[in-house]
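Written below as structure tokens is the structure these notes are about.
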Amino acid sequence: MASILAHSYRTFRISRLTFPSECSIRFGRNGGFKIPPRLFCTNNASLPGVTYCFGGNVYVSLTNESNAQLTMLAANGPGFTFPPGTGFEALPTGEEPTGHEAASKALQECHRLDNEEGAKEGGREIVFAGLGEPLVRVPALLESLQDLHGRPEVSRIRLNTNGLVHSRDASSVAKSLKAAGLSSVCVQLQTACPDQYQELVRPKGGLGFADACNFVRALTEAGFRVQCSVVAHPDVDVDAARSLAIKELGADSFQSRPYFP
Numbered sequence: 001m002a003s004i005l006a007h008s009y010r011t012f013r014i015s016r017l018t019f020p021s022e023c024s025i026r027f028g029r030n031g032g033f034k035i036p037p038r039l040f041c042t043n044n045a046s047l048p049g050v051t052y053c054f055g056g057n058v059y060v061s062l063t064n065e066s067n068a069q070l071t072m073l074a075a076n077g078p079g080f081t082f083p084p085g086t087g088f089e090a091l092p093t094g095e096e097p098t099g100h101e102a103a104s105k106a107l108q109e110c111h112r113l114d115n116e117e118g119a120k121e122g123g124r125e126i127v128f129a130g131l132g133e134p135l136v137r138v139p140a141l142l143e144s145l146q147d148l149h150g151r152p153e154v155s156r157i158r159l160n161t162n163g164l165v166h167s168r169d170a171s172s173v174a175k176s177l178k179a180a181g182l183s184s185v186c187v188q189l190q191t192a193c194p195d196q197y198q199e200l201v202r203p204k205g206g207l208g209f210a211d212a213c214n215f216v217r218a219l220t221e222a223g224f225r226v227q228c229s230v231v232a233h234p235d236v237d238v239d240a241a242r243s244l245a246i247k248e249l250g251a252d253s254f255q256s257r258p259y260f261p
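Just so we're aligned: 87 in the UniProt record's numbering is position 87 of the sequence shown, and the numbers increase by one with no gaps anywhere.
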């Protein structure tokens with residue numbers, strides 16, 4: 001867990017955030033940690049690139065940073081582009097929203113879509129994804145989840161991730177996400193072959209294929225419904241990845257996504 005918080009601290013310094021003296025991170029009895037109501041103080045309410053929309057859902061980007069050379073977007077292939085009208089753009093270099101700001105922006109987008117398309121019964125799904133990896137900013141993610149959980153505008157909250165969490169932190173992170181109100185998780189495994197995973201994903205910071213697999217197990221143990229996915233790259237054995245996800249890691253479902261050469 002220390003490695004995750006250390007990375008987040010570095011990210012916050014880049015964004016020039018300030019910390020009130022009374023703020024602290026408290027560890028819960030179940031091994032997770034809790035974020036006080038106003039941990040971060042910034043003025044990024046109009047920061048571009050925080051949200052984009054697709055299929056009636058609102059997607060939230062917390063960072064451009066990733067813990068792997070291959071980002072989840074780049075994995076789709078060099079020919080991948082977002083459909084027109086999604087409003088996707090990268091966050092400005094060196095700028096990131098706090099969790100509160102990201103949640104506020106997501107709710108604004110829910111209201112905008114309701115006004116333009118009509119209210120969606122039960123609310124809209126919020127998906128944490130974006131150009132970077134959401135889990136490199138665990139504290140901000142938890143902060144957003146706590147703000148969004150239980151809101152009438154929100155039906156479900158999903159996390160799209162590469163699953164690269166150090167095995168020593170996997171259980172604690174999974175439990176914290178569950179306690180904060182996350183509904184489901186999609187982990188992009190990329191392949192069932194450890195050597196191919198290293199070649200394709202090129203993880204950083206000592207992370208690797210075993211960590212991603214272990215995080216899937218930790219999520220299922222925490223009570224999540226987990227979907228694993230791969231991008232159907234020509235060299236990837238999709239059937240082997242499906243078998244790994246469902247039979248060995250305990251995922252509830254599997255999806256093969258198209259590759260755009």
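For every residue, glycine included, the Cβ atom is placed at its ideal position computed from N, Cα and C. These figures come from a predicted structure and were not determined experimentally.
Apart from the 5 residues on each side of it in sequence, Asn-214 sits with its Cβ closer than 6 Å to the Cβ of Ser-167 and Ala-170 in its chain, given in chain order. The shortest CA-to-CA distance from Arg-137 to any of Ser-256, Ser-61, Thr-220 and Leu-249 is the one to Ser-61. Counting only residues of its own chain and dropping the five nearest sequence neighbours on each side, Leu-182 has a CB closer than 7 Å to the CB of Leu-145, Ile-157 and Leu-159.
Between Leu-91 and the set Val-230, Phe-224, Ser-46 and Phe-209, the nearest pair of CA atoms involves Ser-46.
The straight-line gap separating the alpha-carbon atoms of Val-127 and Cys-110 is approximately 12 Å. Counting the other CB atoms within 10 Å of its CB gives Phe-260 a total below 16, which places it among the exposed residues. The alpha carbon of Ala-218 has as its nearest neighbour, out of Pro-194, Phe-88, Gly-163 and Ser-256, the alpha carbon of Gly-163. Under DSSP, no beta-bridge partner is assigned to Ile-246. For Cys-193, the three-state secondary structure derived from DSSP is coil. Using a 10 angstroms sphere on the CB of Lys-204, the tally of other CB atoms stays under 16, which defines it as exposed.
Beta-bridge pairing by DSSP links Thr-51 to Val-60.
In this structure, Gly-56 sits away from Glu-89, with a CB-CB distance that is not shorter than 8 Å. For Glu-125, no alpha helix (DSSP H) run applies; the uninterrupted beta strand (DSSP E) run containing it begins and ends at 124-129, by DSSP.
Just so you know, the alpha carbons of Leu-135 and Phe-254 end up roughly 21 Å apart. At the C-beta level, Gly-87 and Tyr-52 come within 8 Å of one another. With fewer than 16 neighbouring CB atoms inside 10 Å of its own CB, Gly-122 falls in the exposed class. Using a 10 angstroms sphere on the CB of Thr-191, the tally of other CB atoms reaches 16 or more, which defines it as buried. The Cβ atoms of Ala-210 and Val-226 do not sit closer than 8 Å to each other.
With a cutoff of 8 Å on beta-carbon distance, Ala-232 and Leu-189 are scored as not near each other.
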